[in-house]
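Report on the structure given below.
There are 2 protein chains.
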Amino acid sequence: MTITEVAKLYDLSADTLRYYERIGIIPNVNRNPNGIRNYTENDCGWVEFAKCMRNAGLPVEVLIEYVALFQKGDDTVEARKEILIEQRDKLKERIEEMQKTLQRLNYKIENYENGFRQAEANLKLDNK
Amino acid sequence: MTITEVAKLYDLSADTLRYYERIGIIPNVNRNPNGIRNYTENDCGWVEFAKCMRNAGLPVEVLIEYVALFQKGDDTVEARKEILIEQRDKLKERIEEMQKTLQRLNYKIENYENGFRQAEANLKLDNK
DNA sequence: GATTGACTTGGGGTCAACTCCAAGTGTTAA
DNA sequence: TTAACACTTGGAGTTGACCCCAAGTCAATC
Chain U
1 MTITEVAKLY
11 DLSADTLRYY
21 ERIGIIPNVN
31 RNPNGIRNYT
41 ENDCGWVEFA
51 KCMRNAGLPV
61 EVLIEYVALF
71 QKGDDTVEAR
81 KEILIEQRDK
91 LKERIEEMQK
101 TLQRLNYKIE
111 NYENGFRQAE
121 ANLKLDNK
Chain A
1 MTITEVAKLY
11 DLSADTLRYY
21 ERIGIIPNVN
31 RNPNGIRNYT
41 ENDCGWVEFA
51 KCMRNAGLPV
61 EVLIEYVALF
71 QKGDDTVEAR
81 KEILIEQRDK
91 LKERIEEMQK
101 TLQRLNYKIE
111 NYENGFRQAE
121 ANLKLDNK
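Residue numbers (my numbering), protein chains in the order written: chain U, 1 to 128; chain A, 1 to 128.
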C-alpha cells in the first residue's frame, strides 16, 4: 500500500505517517526500488496501533521507547510490559477523572433543564 | 486568598491562574487597594471548575465562550446549555474510545504475562 | 518529450496551552 | 532604611505534536 492509501485508511495525513516513521513510533517501512514506501499489513498494524494509542493520550515519547524496545527483540519483553502497565494505569486514572467530569456535566445539564433554578441553596455553588 | 494560596490549593501555577483570568476562563478576580488579587470562594469555584474541565480535555476556547456567556446573564442560559451538551457528548465519546484502548492494553499485558507466546496464530497480529 | 501526478527529503512553520522573564511596586522584618 | 518578599504587568519563549513547502525524482500519459 502507498502512503496515500494508508493515510486514507486510517484517517491520518501522509505527513503524519512520515513523521511517525521518522521519530520511530512506527518501524521503518520498506521502499520499492524508487524509494517509495510500500506498507505491508504488518506496517499497517503498527500504524493502527500508533493511532489508537495516541488517541488515548499516550505520549509520542513513550511510544517511541516501546517500539525501540520491540525492535531490539525478546530481551526487552519485561521492559515493554512495564511500559504497558504504567500507561495502562495512567489511562485508567484519566478515564476515571473524565467519568467524574462527565457526571458533573450531566448534572449541570439537568439543572439547566429543570429551569436552572439557581436560587436554590443546594445548587448555589454549582452554577459554574 | 492570594494567588499563591489558590495555586497551591488547586495545584496550578500562579502563572496559569493569571493566564486563565487574562483569557477569560475565569472571571476577573477583585484586587485589594494595591492591585493584588484576592480570590473569593466564588473565584475558587471557577478555578476548580476550569481545572476540572481542562483536565477532561475541554478546549480553552470553549471555556472562554462559556464563561463569557455566563457573565452576560440569564439570556444566555440556552446557549450555555448547548455548549455543555456538546462537550458532554464529545467527552463521552472520548471516554468510550479510551475504554477500548484500556481493554486493549489489558489484553496485551495479559499476553506478556502468559509468557508472551507470540507464535500462537491468534495473537500474531497483536504483537504491537 | 513534455506535462501530470504521486511520491521523496529536509527543514521551517503553526497551534494550543502554558511558562518564564524583566522591570517595577508595595508591605513586612531586621 | 534597606533588604527581602510577594505580588504586578506585558510580552517573549517553550513544548508537544504535527503541518506545510520547496526542490527534486520517477512513471505514466498525451
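The beta carbon of each residue, even a glycine, is placed where N, CA and C say it ideally should be.
Contact between the stretch 79 to 99 of chain U and the stretch 54 to 71 of chain U is present, with at least three C-beta pairs closer than 8 Å. At a beta-carbon threshold of 9 Å, none of the residues of chain A lie near U:N114; the nearest stands roughly 11 Å away.
Contact with chain A is absent for U:R54, since none of that chain's Cβ atoms lies less than 7 Å from the residue's Cβ. Residue-level contact by beta carbon holds for A:I95 and chain U, with a gap shorter than 7 Å. Only exposed fits U:T40, as fewer than 16 other CB atoms lie within 10 angstroms of its CB.
Nearest CB-CB separation between A:M98 and chain U: below the 7 Å threshold. Assignment of beta-bridge partners to U:R37 by DSSP yields U:R31. One thing to note: A:L91 has its Cβ no nearer than 7 Å to the Cβ of A:A50.
Contacts between U:I85 and chain A, judged by CB atoms closer than 7 Å, involve I109 in chain order.
Neighbours of A:N106 in chain U, taken as residues at a C-beta separation under 8 Å, are given in chain order as R88. The C-beta of A:L102 comes closer than 7 Å to at least one C-beta of chain U. Per the Cβ contact rule, the stretch 98 to 105 of chain A is in contact with the stretch 85 to 101 of chain U (3 or more Cβ pairs under 8 Å). A distance below 6 Å between beta-carbons, with the five flanking residues on each side excluded, links U:L58 to the following residues of its chain, in chain order: Q87. Within chain U, the residues whose beta carbon sits less than 8 Å from that of A:L91 are M98, T101, L102 and L105, listed in sequence order. It is roughly 27 Å from the alpha-carbon of U:Y19 to the alpha-carbon of A:V60. In this structure, the alpha-carbon of A:I25 lies about 18 Å from that of A:T2.
In the structure shown, the three-state DSSP call for U:D11 is coil. Residue U:A14 holds the alpha-carbon nearest to the alpha-carbon of U:V47 among U:N34, U:T76, U:E65 and U:A14. By alpha-carbon distance to A:E21, the top candidate from A:N111, A:C44, A:N114 and A:L9 is A:C44. Shown here, U:N111 sits in a helix according to DSSP, grouped into three states.
Counting along the chain, no alpha helix (DSSP H) covers U:A56, and no H or E run does either.
U:I26 carries a coil assignment under DSSP once its states are collapsed to helix, strand and coil. About 28 Å separates the Cβ atoms of U:L9 and A:Y112, ruling out a contact at the 8 Å cut-off. Counting every other CB atom within 10 Å of its CB across the protein chains shown gives A:I36 a total below 16, marking it as exposed.
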